[in-house]
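Q: Counting in our numbering, the final residue of the sequence shown is number 375, and the numbers go up one at a time with none missing.
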Amino acid sequence: QRTGDLTEQKISAFKAYLDAHPQALLIFDNVEEPDHLRTRQIGIGFTALTLGGNVLVTTRRRKLPSDRFAELPLERLLPAPARQILTTKRPDLVTDPDLDRLCAQLGYLPLMLNLAAAALAKRGGAIAGYLGKLQEWGIDTTHDRARVSLDDYHTSLTAVLQEQWAMLTSEDARLLLRVAGQLPEAEVIPTARLGLLAGLRDVDEWDCPLRDGLEELERASLVEMVDGETMRLHPLIRDFARAMVGHAERAAFCTACAQRLADAYCSGIDGLARLGHEYERRGIGSLIIDLITAIELLQPSNNTKSKSPIQNLQSLLRKLRLEVHHLQVLPPLRQTEQLWQQLLPHTGFLVGDALVQQLVPLLRHTLFWLPQWGH
1 QRTGDLTEQK ISAFKAYLDA HPQALLIFDN VEEPDHLRTR QIGIGFTALT LGGNVLVTTR
61 RRKLPSDRFA ELPLERLLPA PARQILTTKR PDLVTDPDLD RLCAQLGYLP LMLNLAAAAL
121 AKRGGAIAGY LGKLQEWGID TTHDRARVSL DDYHTSLTAV LQEQWAMLTS EDARLLLRVA
181 GQLPEAEVIP TARLGLLAGL RDVDEWDCPL RDGLEELERA SLVEMVDGET MRLHPLIRDF
241 ARAMVGHAER AAFCTACAQR LADAYCSGID GLARLGHEYE RRGIGSLIID LITAIELLQP
301 SNNTKSKSPI QNLQSLLRKL RLEVHHLQVL PPLRQTEQLW QQLLPHTGFL VGDALVQQLV
361 PLLRHTLFWL PQWGH
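1) Over what stretch of residues does the beta strand (DSSP E) that includes F28 continue unbroken?
2) When burial is assigned at 16 or more other CB atoms within 10 Å of the CB, is S221 buried or exposed?
3) Drop a sphere of 10 angstroms on the beta-carbon of N54, count the other beta-carbons inside from all chains shown, and report buried for 16 or more, exposed for fewer.
4) Can you tell me where the alpha helix (DSSP H) holding Q335 begins and where it ends?
5) Just how far apart, CA to CA, sit W206 and E278?
6) Taking C-beta to C-beta, are L197 and M244 nearer than 9 Å?
7) To the nearest angstrom, how far is it from the Cα of D144 to the Cα of L131?
8) Taking the beta strand (DSSP E) that I42 belongs to, which residues open and close that run?
9) Looking only at C-alpha atoms, which of A48, V31 and E32 sits nearest to T39?
10) Report the rounded CA-to-CA distance for Y26 versus P235, giving the unit in angstroms.
11) Reducing DSSP to helix, strand and coil, say where F69 ends up.
12) Our contact map puts R242 next to Q164 with C-beta atoms below 8 Å; I'd like the distance itself, whole angstroms only.
13) Starting from L56, follow the beta strand (DSSP E) in both directions and report where the run begins and ends.
14) Within the continuous beta strand (DSSP E) that includes M231, where are the two ends?
15) Check whether the Cβ atoms of P309 and A252 lie closer than 9 Å to each other.
16) Should S170 and D212 be called a contact, given that it needs their Cβ atoms to be closer than 9 Å?
17) To the nearest angstrom, how far is the alpha carbon of S12 from that of G43?
18) Take the Cβ of T141 as the centre, count every other Cβ of all protein chains shown within 10 Å, and call the residue buried at 16 or more, exposed below.
19) With distances taken between CB atoms, is the gap from G52 to D19 smaller than 9 Å?
20) Please report the residue range of the alpha helix (DSSP H) in which L275 lies.
21) Determine whether the Cβ of Y265 lies closer than 9 Å to any Cβ atom of chain D.
22) One question on the structure: do E280 and T336 come within less than 9 Å of each other, judged by their Cβ atoms?
23) How big is the Cα-Cα spacing for L233 and P79?
24) If you compare alpha carbons, which of L333, P332 and K319 is closest to L343?
25) Rounded to a whole number of angstroms, what is the C-alpha to C-alpha distance between A117 and Y108?
26) Relative to the C-alpha of C103, which residue among D239, A159 and Q84 is closest?
27) Less than 9 Å between the beta carbons of W340 and L287, yes or no?
28) Could you give the DSSP three-state label for P190: helix, strand or coil?
29) Roughly how many whole angstroms lie between the Cα atoms of A180 and R238?
30) Whole angstroms is fine: what's the gap from L315's alpha carbon to Q338's?
31) Tell me which residues share the same chain as E8 and place their Cβ nearer than 6 Å to its Cβ, disregarding the 5 neighbours each side in the sequence.
32) Below 8 Å on the Cβ atoms is my contact criterion, and I expect D96 with I139 to pass it. Report the Cβ-Cβ distance as a whole number of Å.
33) In the segment 76-116, which residue ranges form an unbroken alpha helix (DSSP H) of at least 4 residues, counting only runs that do not cross its ends?
34) Please classify T169: does DSSP put it in a helix, a strand, or coil?
35) When you compare each of R101, V226 and T58 to P34 by their alpha carbons, which one comes out closest?
36) Evaluate Y17 with the Cβ neighbour count: other Cβ atoms within 10 Å of its Cβ, from every protein chain shown; 16 or more gives buried, anything less gives exposed.
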């Protein structure tokens, strides 16, 4: 067969695969003319953009037709860590008047900042000279002449993050960062869930290890607080935080995280009190995701061990899912007793008959007491 025929067959087979897997992601990297993906046919009757699936295009072009392409924002660093990347190997640049201008021109993008830091470290001179070469030669030629490679990027970023890690004074802050690093990439993390996994809970205005730990991480520019209740890690910082738990100890570390959440939710009367408190404050959906997150942290090889919390977590998750339609209540009307009322018929299977005897007097004089429970 001719080469062209084989190519057509491969494209047709690829399109058939994408048609059968509409959630697949098709990536076209570093495309010089993105609009050509829309106009040029690569098979009979279809173009690259009509192959199927979801299409992601990366390009150096800054302006694209808004009616044909939707722009996705890139992860950007905050100004403080951006400056730190540029000045770690060149402390003299801290006072350079063009430091902030360079950060802004590079869009606070970690890769570009680290490559610029490597070029400035290797060639020396002021930032104005580097900016001039970018204007004259462009990014690629400037970095080629400075003998900059991607290895320089990884080396400089790791050094910056290790320096920030060493500056942390609180073990609670270190624990929170390590726990967050084990969670899925780019996930917005409720601080309450992070506290449950780390075993940290604020008691009052003076005893608040969770809040203090998060504030220290934010001051070190290692986390971004989305609002007062959620935070997230830059993917590069997440990779660093994950690596702060060695591969040999990762399974045990994740099991300990899941165990802390299981202890908080499944430890008798105190557990149901905490469960009720979190339900009233955050809702049934958050409780379910708390449990799923803890279960996913447990590696299958650890779930057969006698001390694994998997059974308690899965048991509680099943019960909450059975009652979820009764518990989807908006915050002003959401009450701890509602959760207890729905769990009470199942409590004997969850934590033993003794707890039933404890919950009965708690509910007996409330609007959530059912008459049949009096017998």
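Note that CB positions come from ideal geometry on N, CA and C, so glycine has one too. If you're wondering where the values come from, they're calculated on a predicted model, not measured in any experiment.
A: By the coordinates alone:
1) L25 to F28
2) buried
3) exposed
4) No alpha helix (DSSP H) contains Q335, which DSSP labels as neither H nor E.
5) 21 Å
6) Not closer than 9 Å, so no.
7) 15 Å
8) Q41 to G43
9) A48
10) Reading the sequence as shown, one finds Leu at residue 26 and not Tyr. In a straight line, the C-alpha of L26 is about 21 Å away from that of P235.
11) coil
12) 15 Å between Cβ atoms; not a contact.
13) N54 to V57
14) T230 to R232
15) no
16) yes
17) 7 Å
18) With fewer than 16 other Cβ atoms from the protein chains shown falling within 10 Å of its own Cβ, T141 counts as exposed.
19) Taking the C-beta atoms as reference points, D19 is found nearer than 9 Å to G52.
20) That run of the alpha helix (DSSP H) goes G268 to R282.
21) Any reference to chain D falls outside this structure, which holds one protein chain only.
22) yes
23) 15 Å
24) K319
25) 12 Å
26) Q84
27) Not a contact, by the Cβ cut-off of 9 Å.
28) strand
29) 7 Å
30) It should be pointed out that residue 315 corresponds to Ser in this sequence rather than to Leu. Taken atom to atom, the span from the alpha-carbon of S315 to that of Q338 is near 19 Å.
31) Once the five neighbours on either side are set aside, E8 has no close Cβ partner at all.
32) A Cβ-Cβ separation of about 19 Å leaves D96 out of contact with I139 under the 8 Å criterion.
33) 79-87 and 99-105
34) Three-state DSSP puts T169 in coil, outside helix and strand.
35) T58
36) exposed
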